[in-house]
Each structure stands twice: as C-alpha cells, then as structure tokens.
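**Student:**
In this note's numbering, the protein residues as written are 3 to 220.
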C-alpha cells in the first residue's frame, strides 16, 4: 500500500475538471487522448502521437468519411505505438457510424459497436460498455479512456504499478514483462486496481484526483 498523495491535489482536481470539460465539448478529442496515452510506447512520444492522430482524424465525421480504402489516412507517429499496424484501423473501427453486425444461427450479433455506443459509455463512465469496443477490451485501455473522460478511476499503468509494487533491483530486470503480464490479467490487474481505490478512499480523495496527484509526485 502506498501513501496519500496530497502535494498536487489542486492539479489533480484541475486535470479531472479539464478532462470532463473536454469530453463534454468533444468526446472525440477525449477518445484520441485515450488512444495516444494507452498505445504510445514512451511517454516522451505522447505529444507527437496525439498531434498526428488529431491531424489525421480531426473529428468523427472526418474519420467516417476518410476511413474508406484506399484513402485511409497515414499516421507516421503510429510507429511509436505498441501496435503500429492496428492503431489507424482501430481509429476507423471506433468511428463507425453504424454497428457492424453478423448473422449467426439466424441471430444477429453485434461484432463492433458504433461511435454512438462508445461516446455514450464515456459520458456514463461505463467501463464494461467501453470494454466492448475493440481497442479497449483489455484492462488498462478502458481505465485510461475513463480517466481522460473525467471519470474517477485509477489506471494500472507502468508508473502506478511501480509505485504499488516497489520492485527491488533484482525485480527491475523483469519489470517490463511483469507490467505487461499484470495488465493482461483480469485478476491481478483488478486486485491492484481495487487497492488503489481503497487507498484513495482512506485518503478521503476522489480516486481520479488521487491518481493524477500521485502521478505528479512520481
């Protein structure tokens, strides 16, 4: 268990207020923030990835019109993400105007929700609703998008896992692999996520503000 992060609580509150205001103004902008922060390999490259994605997909209507082969936009900074070949495709999939459906045994099944589904889930802070969207099925992605939407959740990213686990010098050798393993595990991720939520409650601080304040203290 960590300690209360109180030094930057004012910045934490401002960050969350700004995130909520941005989402109210443009859910698409928040979606791009979520993609950039989730998928970029190095924190120092976040700004470049964000800039390129916003230039290629300035709004959801533009994305819907441009995401038609062979004219799908090229995003050079995608090379700085974990899955360069999937980022642009995922942007297009999540911008879909109508749900993608398929017929299975005489029943229609939704394969890919529409942008309306995702934006509504962001507005409602609905984690499971977001997890139904392709890019955010895992654990970290939904939480990152929710945090950027102004929702009070913690994100088990690399720095928060380091803060909670406090790896020894010997454990540092495999820490990167451990981070990926935890982020892929519903059980391990959930246990640590719950621990941070409990910590914020004990500190009597909204969990989103707690998360951001701890981030500034790293």
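Beta carbons are placed, not taken as given, at the ideal position from N, Cα and C, and that holds for glycine.
(1) What separation, rounded to the nearest whole angstrom, lies between the Cα atoms of residue 3 and residue 65?
(2) In angstroms, rounded to a whole number, what distance separates the CA positions of residue 214 and residue 172?
(3) Using beta-carbon positions only, say whether residue 13 and residue 146 come within less than 8 Å of one another.
(4) With DSSP as the reference, please indicate the residues paired to residue 83 in a beta bridge.
(5) For the stretch 70-88 and the stretch 15-35, state whether three or more C-beta atom pairs, one from each stretch, are separated by less than 8 Å.
(6) How would you label residue 203, buried or exposed, when you count the other beta carbons within 10 angstroms and need 16 or more for buried?
(7) May I ask which residues mark the beginning and end of the alpha helix (DSSP H) holding residue 75?
(8) Taking 7 Å as the cut-off, is the CB of residue 163 close to at least one heavy atom of the ligand PLP?
(9) Cα-Cα, which of 206, 62, 48 and 181 is closest to residue 163?
(10) Determine the closest residue to residue 31 out of 44, 9 and 117, with distance taken between C-alpha atoms.
(11) So what's residue 109 in DSSP terms, helix, strand or just coil?
(12) At which residues does the alpha helix (DSSP H) containing residue 179 begin and terminate?
(13) Between residue 90 and the rest of its own chain, which residues show a CB-CB distance below 8 Å, the 5 nearest in sequence each way excluded?
(14) Look up residue 10 in the DSSP assignment and say whether it is helix, strand or coil.
(15) What's the gap between the Cα of residue 210 and the Cα of residue 99?
(16) So is residue 97 buried or exposed if we call it buried at 16+ other beta carbons inside 10 Å?
(17) Quick check on this structure: which residue in 160, 165 and 191 has the alpha carbon closest to the alpha carbon of residue 41?
(18) Using CA atoms only, rank isn't needed, just tell me which of 188, 130, 176 and 152 is closest to residue 158.
(19) Measuring CA to CA, which of 56, 11 and 48 is closest to residue 28?
(20) Reducing DSSP to helix, strand and coil, say where residue 215 ends up.
**Tutor:** Straight from the coordinates:
(1) For the purposes of this step, residue 3 is taken as residue 1 along the chain shown, with counting starting at 1. For the purposes of this step, residue 65 is taken as residue 63 along the chain shown, with counting starting at 1. Confidence at residue 3 is low in this model, with a pLDDT of 49, below 50, so the placement of that residue is unreliable and no value is reported for it.
(2) Locating residue 214 in the chain shown gives position 212, where the first residue counts as 1. Locating residue 172 in the chain shown gives position 170, where the first residue counts as 1. Cα to Cα, the separation comes out at about 28 Å.
(3) Position 11 of the chain shown, counted from the start, is the residue given in the question as residue 13. Position 144 of the chain shown, counted from the start, is the residue given in the question as residue 146. Cβ atoms of residue 13 and residue 146: not closer than 8 Å.
(4) As a first step, residue 83 is located in the chain shown; it is residue number 81 there, counting from the start. Beta-bridge pairing links residue 83 to 42.
(5) no
(6) The sequence position of residue 203 within the chain shown is 201, counting from 1. Answer is exposed; the Cβ neighbour count stays below 16.
(7) Looking up residue 75 in the chain shown gives position 73. Where residue 75 is concerned, there is no enclosing alpha helix (DSSP H), given that its DSSP letter is neither H nor E.
(8) Questions concerning the ligand PLP fall outside what the structure shown contains, since it holds no ligand whatsoever.
(9) Reading the chain shown from its first residue, position 161 is the one you call residue 163. Of the candidates 206, 62, 48 and 181, the one whose C-alpha sits nearest the C-alpha of residue 163 is 181.
(10) Against the chain shown, residue 31 aligns to sequence position 29. Checking every option, the nearest Cα to that of residue 31 belongs to 117.
(11) The sequence position of residue 109 within the chain shown is 107, counting from 1. Three-state result, residue 109: strand.
(12) Sequence index remark: in the chain shown, residue 179 carries index 177 (1-based). If you look at residue 179, you'll find it in the alpha helix (DSSP H) that goes 177-186.
(13) Locating residue 90 in the chain shown gives position 88, counting from the first residue. Once the five neighbours on either side are set aside, the close Cβ partners of residue 90 are 58, 74, 75, 76, 77 and 80.
(14) Looking up residue 10 in the chain shown gives position 8. Of the three classes helix, strand and coil, the one that applies to residue 10 here is coil, per DSSP.
(15) To locate residue 210, count along the chain shown from 1; it is residue 208. To locate residue 99, count along the chain shown from 1; it is residue 97. Using only the alpha carbons, I get a separation of about 30 Å.
(16) Counting from one through the chain shown, the residue named residue 97 turns up at place 95. Buried, since its Cβ has 16 or more Cβ neighbours within 10 Å.
(17) Residue mapping note: residue 41 aligns to position 39 of the chain shown, counting from 1. The residue with the shortest Cα to Cα distance from residue 41 is 160.
(18) Within the chain shown, numbered from 1, the residue matching residue 158 stands at position 156. Residue 158 has its Cα closest to that of 188, out of 188, 130, 176 and 152.
(19) Locating residue 28 in the chain shown gives position 26, counting from the first residue. For the residues 56, 11 and 48, the minimum Cα distance to residue 28 belongs to 56.
(20) Within the chain shown, numbered from 1, the residue matching residue 215 stands at position 213. Of the three classes helix, strand and coil, the one that applies to residue 215 here is helix, per DSSP.
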